[in-house]
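Participant: The structure is given below, and queries will be raised subsequently.
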Amino acid sequence: MTFRNRPYPAFFGLAVLLFLLATAGSDVVARTTVSGEGVGKAVAEHFHYALVQPIGTAMLLAPFALLGWMSASLAKRQGFDRGLVLFLIGALLLGAMFFSAYQDSQNYMSQKMWTAATLSIGLLPFKSAPLLLVCLAARWLLARNSSEAQT
517 MTFRNRPYPA FFGLAVLLFL LATAGSDVVA RTTVSGEGVG KAVAEHFHYA LVQPIGTAML
577 LAPFALLGWM SASLAKRQGF DRGLVLFLIG ALLLGAMFFS AYQDSQNYMS QKMWTAATLS
637 IGLLPFKSAP LLLVCLAARW LLARNSSEAQ T
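Here it is in structure tokens:
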């Protein structure tokens, strides 16, 4: 049995990998480029805060899980390739948003703007809502266009 036959585990797995890449990767890059930390320290700091703040980490995972659900739902109805296209478009948008937020957070930290630094990351699940609505509309259009073509 392949991933194509089981889209929900496939896309949720991809969503978790994307989450790890987007959060850990963006944070480590921001810490090394903006704050000048070493890579080892930046990785250790990221995972330390991710583990001591499980609710915040779960909230940051939510947009990726929703993207995985939308993509798997589309893949189940219209084929794996369409779901993958939706996932990749959403991944690009979410990845860019998270990267920008982590860069902003480190810039705020260097200016001792603690609240702005915290909120630039803490509000990401809420700032992701419009982007996820765009992905939901794209999912609806991709599913609808294929349904109309079949009739």
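For the working numbering, count along the sequence shown from 1 and bump the result up by 516.
C-beta: ideal position from N, C-alpha, C; glycine also.
Within the chosen definition, does the region 557-566 reach the region 621-640 through at least 3 CB pairs nearer than 8 Å?
Facilitator: no
Participant: I believe Y618 touches A574 by the beta-carbon criterion, under 8 Å. Please report the beta-carbon distance rounded to the nearest angstrom.
Facilitator: What you label residue 618 is simply residue 102 of the sequence shown in a count that begins at 1. What you label residue 574 is simply residue 58 of the sequence shown in a count that begins at 1. Approximately 18 Å separates the beta-carbon atoms of Y618 and A574; this is outside 8 Å, ruling out the contact.
Participant: In angstroms, rounded to a whole number, what distance separates the CA positions of T667 and L635?
Facilitator: Residue mapping note: residue 667 aligns to position 151 of the sequence shown, counting from 1. Residue mapping note: residue 635 aligns to position 119 of the sequence shown, counting from 1. Any reading at T667 needs caution, since the residue's pLDDT is 47, under 50, leaving its predicted position unreliable; the model's value is listed next. About 48 Å.
Participant: I need the straight-line Cα distance from F519 to A526, nearest angstrom please.
Facilitator: Walking along the sequence shown from the start, residue 519 turns up at place 3. Walking along the sequence shown from the start, residue 526 turns up at place 10. If I take the Cα positions, the gap works out to 5 Å.
Participant: Mark S587 as exposed unless 16 or more other C-beta atoms lie within 10 angstroms of its C-beta, in which case mark it buried.
Facilitator: Residue numbering aside, residue 587 sits at position 71 when the sequence shown is read from its first letter. Buried, since its Cβ has 16 or more Cβ neighbours within 10 Å.
Participant: Got a sec, what are the start and stop residues for the alpha helix (DSSP H) G611 sits in?
Facilitator: In the sequence shown, residue 611 corresponds to position 95, counting from 1. From DSSP, the alpha helix (DSSP H) with G611 extends over 596-626.
Participant: Skipping 5 residues on each side, what residues in its chain have a beta carbon closer than 8 Å to that of L610?
Facilitator: In the sequence shown, counting from the first residue as 1, residue 610 sits at position 94. Taken in chain order, the residues that qualify are L534, A538, P579, F580, L583, S644, L647.
Participant: To the nearest angstrom, report how far apart D597 and W630 are at their CA atoms.
Facilitator: For the purposes of this step, residue 597 is identified with residue 81 of the sequence shown, where counting begins at 1. For the purposes of this step, residue 630 is identified with residue 114 of the sequence shown, where counting begins at 1. So the two alpha carbons sit approximately 43 Å from each other.
Participant: With a threshold of 16 other CB atoms inside 10 Å of the CB of P523, please say whether the residue is buried or exposed.
Facilitator: As a first step, residue 523 is located in the sequence shown; it is residue number 7 there, counting from the start. That one is buried.
Participant: Ends of the alpha helix (DSSP H) at S636?
Facilitator: As a first step, residue 636 must be located in the sequence shown, where it is residue number 120. That run of the alpha helix (DSSP H) goes 630-638.
Participant: For Q627, count the other beta carbons within 10 Å of its own beta carbon; 16 or more makes it buried, fewer makes it exposed. Which is it?
Facilitator: As a working mapping, residue 627 is identified with position 111 in the sequence shown. Exposed, by the Cβ-count rule.
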